[in-house]
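Enquirer: Here it is: the structure, laid out below.
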Amino acid sequence: MTELDDFTSRLDFRLDEFQTRACEALEAGHGVLVCAPTGAGKTIVGEFAVHLALAGGTKCFYTTPIKALSNQKYADLAAVHGHDRVGLLTGDSSINPDAPVVVMTTEVVRNMIYANSRALQGLSHVVMDEVHFLADRFRGAVWEEVILHLEPSVRVVSLSATVSNAEEFGDWIQTVRGDTSVIVDEHRPVPLSQHMLVGSRLFDLFAPDGSHSGSPGGSTRAGRHQVNPELKRYIRHRILLADDDSRGHDRRGRGGRSGRTRQRRGDRALSRPNLVARLDREGLLPAIGFIFSRVGCDAALAQCLRSGLTLLTPEESMQVDAVVDAHLTELSPADADVLGVDEWRAGLRRGIAAHHAGLLPTFRHAVEELFVRGLVRMVFATETLALGINMPARSVVLERLVKYNGESHVDLTPGEFTQLTGRAGRRGIDVEGHAVVVWTPEVAPEEVAGLAGARTFPLRSSFAPEYNMAVNLIGRLGMAGSRELLNRSFAQFQADRSVVGQARKVDDAYRALRKLDVELAGAAAKRGIDPGTVEADGVEADDEGAADPYQGFLGYVTLREDIRQRERDLKFRRRNTTHDAIAADLAALKRGHVIGVPNGRHRGLAVVIEPASQAQDPKPLVLSEDAWCGRVGIRDFVNPPDVLGNMRLPKNADRRTGRGRRDLASALRSTGIEAPRGRQKRRAEAADDTELAQMRRDLRSHPAHQLPPGDELFRLAERRNRLVRDIVNAERAIGERTSTLGVTFDRIVAVLRELGYLDDHRDAGAKGPDTVRVTDAGRLLGRIYSESDLVVAECMRAGVWEGLAPHELAAVVASLVYESRRDSYRGIDSMPGTAGVRDAMAATAEVWSQVTDVERRHQVAPTREPDTGFSVAVSMWAMGRSLTEALAAAGERGQLLSPGDFVRWNRQVVDLLEQIRLGAGPDTPLASTARSAVTSIRRGVVAVELG
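Here my numbering = 1-based position in the sequence shown + 787.
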């Protein structure tokens, strides 16, 4: 019996074909990459890797991108294999870390690798769940670091959502990890039907004669554009109704009855309580309504509660109470009151809930458990719910196709749409899943159909060198090894792949060039002319060291090209110089100056009525001798304007009436000043250039100059020049694309060298180049995993945090992890507190300023400025103040910080304090203070969540 047979004998269902293929490859000793839709059962492959490790007496790490997934997977695996054989390691939890199977966030295994942890001994399998997370711009590099650094003997099991470049991703993993099987399956085990809700009517998105449910997005390639014609007719009808009512509203006046009718009959969407009730009548619950706003989720829940909507029976409500009580056992009555437990429970007892990062994690976990058990029927959630959390629903509802990405409002991508709608359809429960998009006038059915049918969501690497990564790479691999690893990254792989087509065109161009050179040499020999010397690759030899760079026919052609280039350079330089001179002279013109306008319909004399108001783009107001009045600018002159004379103007010169302008024009003509004759021509600089004159003399005396202009040789030469230009431009583009990572790495290394984290070292008597060595300061930096890692290390080295009390250290450290939401940044100047805290903050800001000066000097993106928006809150919490006071202190513009955010930021402060404690070394005052600060923060709701 194989291990796969043993594994499947314990399951109560049969494996799908893609699951079987992946497990067979894994048992055969291969690594695997599995790409399949959400809900298809990819994790079975990861669980089989766990089974193989336990059966073989080795270790398996199961990694996830977020703590919630780690906790969930830990519970699942412990239930199957026992708590004694399964452990959990996250940033703030450590349960049985020496177990043969350990579930952890991806950062934990990365840190283990850099620390050469003993836990890596005996490791045979690493499961990387949600590996497509490597595209995340903030954390994605961690996934690549792990894949690149793991020992070759470790089998990597990569589980990814369906992406359009799965084969490319698989090729990269095969390149860096060796034997890896790529299994791609786009079939959804539960078909997905796409719908649009228009008012109170629910329509199929696609025409009924099309087949649109087999693929992840719910449409086939052949029928993806066949939008339901009945849906389109009904939407047109509603729009016409809205237009008719709008016209009636205009006739009746503002605020009349027709305006209310227009809202009711036209484009008004169904209220949320009515929407939920409609889903219930259609048998589409349980459902997840994705709303891309925490406030929107809470508002939707409040609307449903105000309506009196109830989705549970009294018996089910009692079951809800039991689950809620179990999750709240460690919460104090005072904290429960502050957190609004009663209101939250009231929604759950009706089968309705909100789910977003602003909720306390305990609340979210309770909602997840109740939803899986069927005791919550409708959840209003942000997109974070779509990330791997096991909460499948029968239906998914999207109210909008636009979300805020942290910088601006952007349209959903096809990948995001697929990820969200992939939650619909429970395997083994539902015959099909349902994705419902709520229609608004801004949402066209064709747009939804495009999202549902698109397959254009490729996985893009976000890998980029950083300070901590650089010192750890150099410490483990040296400079040469670090560069080699960067060259093996997925980012570099994609950059190389992106220019493969271009490189192929360059090769084709070189072949054509060599063929053309043979033809050109033959034609030149027939005419008794030396063809000139070219290198083996077809490009002329470098001028350096050559007796005559313009020898032979190719030299003649090169000379002609150099003359043209010299003329273009002189023309460009003249244009820039003239542009600046014209601007300066126009800006210097005064009222009454008479100038000559050289070109245009109104060329001739003109008098300045008003000087220019801007020096950058000066446009004085002038009146011409034909009585035209207007502004002239740089484009009206080919040379700087000369002041030809002055004219006395009346104090209140009348330029607004025709008569006034004619009088002024007559006075201008009577001044006797004469305009320059003829059109003005730009003065050429080429005529005075001695280098260009010599090149022209060399051209006339060249033997090839006697050839007639239409000779075949010149046609061949033009073709050759075009090929050479194309080759040079393409090779320059390829070099720029493929050297980005290396350039960034070199700049980061330069910063670290200047600040003393790296130095050049050569052993006594050793030969060869100096080697880069990580210093003691660099080893400290290598233990700091933070966006502000370099500032943290510099502050520790400078001792600016010495002598602080625990709550003061927590406040300062918080400024290096916290990031305010938009328009609410709080800098160092806004920090209240003790003199010690303010001094430490000022010193930290000074260190940050010095670091960014070095970064700018080496063209490295500057480290984010410290933000004190959370510092007062964490300081008060560490001093033992109440949750109410701490939440109020953390408020932005009078709004309380959400409990979920409060716990999340405390978790990050604790994480960085622990790194500082370990980096400072045992028995140091800073380590002792950091330890005390962590202890003071770990209380109440924070302790409940941190474990």
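Glycine is no exception: its CB is placed at the ideal position from the N, C-alpha and C atoms.
This structure is a prediction, so every number in the text was calculated from the model and none was measured.
Examine the Cβ distances between the stretch 1082 to 1092 and the stretch 1197 to 1217 and report whether three or more of them are shorter than 8 Å.
Expert: no
Enquirer: Residue 1149 lies in the beta strand (DSSP E); which residues open and close that run?
Expert: Note, residue 1149: premise wrong, no beta strand (DSSP E); alpha helix (DSSP H) at 1148 to 1159.
Enquirer: For a test of the three-state rule: what should DSSP assign to residue 1205, helix, strand or coil?
Expert: helix
Enquirer: Could you give the residue range of the alpha helix (DSSP H) that holds residue 1406?
Expert: Neither: residue 1406 is in no alpha helix (DSSP H) and is coded neither H nor E.
Enquirer: Within the same chain, show all residues whose beta-carbon is closer than 7 Å to that of residue 919, passing over the 5 residues directly before and after it, in chain order.
Expert: 947, 948, 950, 1246
Enquirer: Could you tell me whether the stretch 1473 to 1490 touches the stretch 1417 to 1436, using the rule of 3 or more Cβ pairs below 8 Å?
Expert: no
Enquirer: Is the distance from the Cβ of residue 1077 to the Cβ of residue 1183 below 8 Å?
Expert: yes
Enquirer: Give me the Cα-Cα distance between residue 822 and residue 972, rounded to the nearest whole angstrom.
Expert: Straight-line Cα distance between these residues: approximately 6 Å.
Enquirer: Roughly how many angstroms separate the alpha carbons of residue 1450 and residue 1461, rounded to a whole number?
Expert: The alpha-carbon atoms of residue 1450 and residue 1461 are separated by roughly 18 Å.
Enquirer: Is any heavy atom of the ligand ZN found at a distance shorter than 7 Å from the C-beta of residue 1382?
Expert: This structure simply doesn't include the ligand ZN, nor any ligand for that matter.
Enquirer: Relative to the C-alpha of residue 1190, which candidate in 1132, 1083, 1696, 966 has its C-alpha closest?
Expert: 1083
Enquirer: Tell me, please, which residues DSSP counts as bridged to residue 875.
Expert: DSSP lists 882, 890 as partners of residue 875.
Enquirer: Kindly give me the distance between the Cβ atoms of residue 1662 and residue 1595, rounded to whole angstroms, as I take these residues to be in contact under 8 Å.
Expert: 7 Å
Enquirer: What did DSSP end up calling residue 1002 once you bin it into helix, strand or coil?
Expert: Caution applies to residue 1002, whose pLDDT of 44 falls short of 50 and renders its modelled position unreliable; the value that the coordinates give is listed next. Three-state result, residue 1002: coil.
Enquirer: Tell me which residues share the same chain as residue 1407 and place their Cβ nearer than 7 Å to its Cβ, disregarding the 5 neighbours each side in the sequence.
Expert: Taken in chain order, the residues that qualify are 1373, 1376, 1395, 1397, 1398, 1399, 1418, 1419.
Enquirer: For the beta strand (DSSP E) containing residue 944, list its first residue and its last residue.
Expert: 942 to 947
Enquirer: Quick check on residue 925: does DSSP put it in helix, strand or coil?
Expert: coil
Enquirer: Nearest CA to the CA of residue 1645: which residue from 992, 1538, 1565?
Expert: 1538
Enquirer: Can you list the alpha helix (DSSP H) stretches of 4 or more residues lying completely in the stretch 1406 to 1456, in chain order?
Expert: 1445 to 1456
Enquirer: On a Cα-Cα basis, can you pick out the residue from 1165, 1116, 1157 that is closest to residue 1059?
Expert: Selected option, being the one with the closest Cα: 1165.
Enquirer: Whose C-beta lies closer than 6 Å to the C-beta of residue 1140 among residues of the same chain, with five residues either side of it excluded?
Expert: The beta carbon of residue 1140 sits closer than 6 Å to the beta carbons of 1134, 1154, 1163, 1166 from its chain, once the five residues preceding and following it are set aside; these are given in chain order.
Enquirer: Just verifying my parser: in three-state terms, what is the DSSP assignment at residue 1677?
Expert: coil
Enquirer: Can you give the beta carbon distance from residue 1535 to residue 1267, rounded, assuming they're within the 8 Å contact cut?
Expert: Not quite, the Cβ-Cβ distance comes to about 16 Å (not below 8 Å), so this is no contact.
Enquirer: Using a Cβ-Cβ cut-off of 6 Å (strictly less than) and excluding sequence neighbours within five positions of residue 1555, which residues of its own chain qualify?
Expert: The predicted position of residue 1555 is uncertain, since its pLDDT is 44 and thus under 50; no value can be drawn from it.
Enquirer: Pop quiz: residue 1540 and residue 1533 are said to be a contact at Cβ under 8 Å. What is the actual Cβ separation, rounded to whole angstroms?
Expert: Not confirmed; about 10 Å, so no contact.
Enquirer: Residue 1393 bridges to which residues according to DSSP?
Expert: 1382, 1411
Enquirer: Can you tell me which of the three DSSP states residue 989 falls into?
Expert: Three-state DSSP puts residue 989 in a strand.
Enquirer: Which stretch, first to last residue, makes up the alpha helix (DSSP H) that contains residue 1268?
Expert: 1254 to 1274
Enquirer: CB residue 1272 to CB residue 1568, shorter than 8 Å?
Expert: no
Enquirer: Just to confirm the assignment, what range does the alpha helix (DSSP H) spanning residue 825 have?
Expert: Premise fails: residue 825 is in no alpha helix (DSSP H) and is neither H nor E.
Enquirer: In the DSSP assignment, what residue or residues form a beta bridge with residue 1139?
Expert: 1165
Enquirer: For my contact list, residue 812 and residue 911 are in at a C-beta cut-off of 8 Å; report their separation, rounded to the angstrom.
Expert: Wrong, their Cβ atoms sit about 15 Å apart, outside the cutoff.
Enquirer: With DSSP as the reference, identify every bridge partner of residue 1185, one or two as the case may be.
Expert: 1077, 1224
Enquirer: Rounded to whole angstroms, how far is the Cβ of residue 1096 from the Cβ of residue 1064, which I believe are closer than 8 Å?
Expert: 7 Å
Enquirer: Please check the pair residue 1310 and residue 1499, which I expect to be a contact at CB under 8 Å, by giving their CB distance rounded to whole angstroms.
Expert: Between residue 1310 and residue 1499 a beta carbon distance of about 6 Å is seen, short of the 8 Å cut, so the two are scored as contacting.
Enquirer: May I ask you to report which of helix, strand or coil DSSP gives residue 1657?
Expert: coil
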